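K.L.:
Take 2 as the starting number for the sequence shown in the working numbering and just add one per residue.
Yeah, the Cβ is synthetic: ideal placement off N, Cα and C, and Gly gets one too.
Keep in mind the model is a prediction, meaning the values are calculated, not measured.
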Amino acid sequence: MNKKKILVPLNNNSYEVSIKEGIINSIGKELDGIGINKDRKILIISNKEISNLFGEQVINSLKKYNFSANIFNIKAGESFKNLASLSDIYNTAFEFGLERNSLMIALGGGIVGDVTGFAAATWLRGIEYIQIPTTLLSMVDSSVGGKTAVNHPNGKNLIGAFYQPKAVYIDPETLITLPSREFKAGIAEVIKYGIIKDKVLFEYLENDKNRNKILNLENQSLIQIINNSIQTKACIVSEDEKENGIRAILNYGHSFGHVIENLCGYGEYLHGEAISIGMKIAGDIATEKNLWSKENSLRQDHLIESYGLPIQIPKIKKNKVLSILMGDKKVRNGKMRFILPKDIGEVDIFNDIDESQFLKYFD
Ligand code: GLY
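As structure tokens, then:
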């Protein structure tokens, strides 16, 4: 059976990401394999929908290896990625007597992963945690790299910590139950890796046969695109764990993606859909600045659309765009920090993009 392992090399807290079909049924074996002691208490954090689908499989596989675990569900949705959910987790951790050597497992998408990671980072000043992402978006992005957070009423992810997981286990078979729209939104992040660093991945995604295999959820092609994406993320994170420099390129397409999510209302556009439009805008600005060719820009847009993702910029007022970007501290003195493509597989960080170069895409 096809299995990939990727090391995320960091100074004191390196870890492995394992990708394998059916791995969700052997989490007990995997934890045993990385030396997790049987007497450590385990708290699995999930949400109702995901734990109904996969909770029993994970619990059974843990029991088989004599681990004891409990599941706690937080409410699903961005509006519950908050301090109240975090507080519920702390109360449960107290109830189950989670100690310094206990373990949390995040079973679910990006919200579950981010909240669990932050709960683990802060409970008893930090206990170990495992990521088992069940959406494509969280597999290729948020489960790897140690960004953990909850939202503050004034903004997304304002309360958080860099806190790396002990291990990440990815089972492409969990994607079978993911709604197609969410799966496609995850592809946007995969396309992002193609643009920022991996031309071979970009070309793989462009191929008609591969596209059919991916959209038909064929395990081998899923493992391939997830593996390539995480290889790039691992490489960038190991170079710049706390985003002092190069890690910012992982935010390609995200500046305007966040503007769109924010101004159109979370839920109107999924994250991946919003960053698809963000990548389109970045591509157009790069063409105007003669950083890359019109042909490359069209190639990017065509690829995005070929996976059923949007590139049409919604009608948004210029002043609203500016106020969001200024709130994000992205615009200073009329100049914006922006990730722009120079080729397929190469981007750079620009600090000198003038307001006029991006406001023209808005009303
Ligand atoms: N999602 C971007 C990062 O992990 O840095």
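Here's the rule: buried if 16 or more other CB atoms are within 10 angstroms of the residue's CB, otherwise exposed. What is G195?
P.N.:
The residue is buried, with at least 16 neighbouring Cβ atoms inside 10 Å.
K.L.:
Inspect the beta-carbon positions of G147 and Y164 and report whether they are closer than 7 Å.
P.N.:
Taking 7 Å as the Cβ cut-off, G147 and Y164 qualify as a contacting pair.
K.L.:
Flag this pair as touching only if the region 215-231 and the region 318-329 have three or more C-beta atom pairs under 8 Å; answer yes or no.
P.N.:
No, the region 215-231 is not in contact with the region 318-329.
K.L.:
Tell me whether Q132 is buried or exposed, calling it buried when 16 or more other Cβ atoms sit within 10 Å of its Cβ.
P.N.:
With 16 or more Cβ atoms within 10 Å of its Cβ, Q132 is classed as buried.
K.L.:
Considering Cα atoms alone, identify which of Y270, T93 and D329 is closest to E183.
P.N.:
Of Y270, T93 and D329, the residue nearest in Cα terms is Y270.
K.L.:
For the ligand GLY, any of its heavy atoms closer than 6 Å to the Cβ of R1?
P.N.:
Residue 1 lies beyond the range of the chain shown here (2 to 364); nothing can be said about it.
K.L.:
Compute the distance between the beta-carbons of I45 and A77, then report whether it is under 7 Å.
P.N.:
For I45 and A77, no; Cβs fall outside 7 Å.
K.L.:
Just verifying my parser: in three-state terms, what is the DSSP assignment at V348?
P.N.:
Correct three-state label for V348: strand.
K.L.:
I192 and L304 - do their beta-carbons sit closer together than 7 Å?
P.N.:
Taking 7 Å as the Cβ cut-off, L304 and I192 qualify as a contacting pair.
K.L.:
Is L323 near the ligand GLY - that is, is its Cβ less than 6 Å away from at least one heavy atom of it?
P.N.:
Not so, every heavy atom of the ligand GLY lies at least 6 Å from the Cβ.
K.L.:
Check S294 in the structure and name its three-state DSSP category.
P.N.:
S294 falls in the coil class under three-state DSSP.
K.L.:
Should I317 and F339 be called a contact, given that it needs their Cβ atoms to be closer than 7 Å?
P.N.:
Taking 7 Å as the Cβ cut-off, I317 and F339 do not qualify as a contacting pair.
K.L.:
Look at the Cβ atom of K185, then the Cβ atom of Y308, and state whether they are nearer than 7 Å.
P.N.:
In this structure, Y308 lies closer than 7 Å to K185 by Cβ.
K.L.:
Would you give the residue range spanned by the alpha helix (DSSP H) that T93 belongs to?
P.N.:
Looking at the DSSP string, the run of the alpha helix (DSSP H) that includes T93 is L84 to E96.
K.L.:
Considering only residues of the region 158-193, which uninterrupted beta strand (DSSP E) runs meet the minimum length of 3 residues and lie entirely inside it, listed in chain order?
P.N.:
The region 158-193 contains these whole beta strand (DSSP E) runs: 168-171.
K.L.:
Heavy atom of the ligand GLY less than 6 Å from the Cβ of K148, yes or no?
P.N.:
Checking every heavy atom of the ligand GLY against the Cβ of K148, one is found closer than 6 Å.
K.L.:
Does the beta-carbon of G284 have 16 or more other beta-carbons within 10 angstroms, so that it is buried, or is it exposed?
P.N.:
With 16 or more Cβ atoms within 10 Å of its Cβ, G284 is classed as buried.
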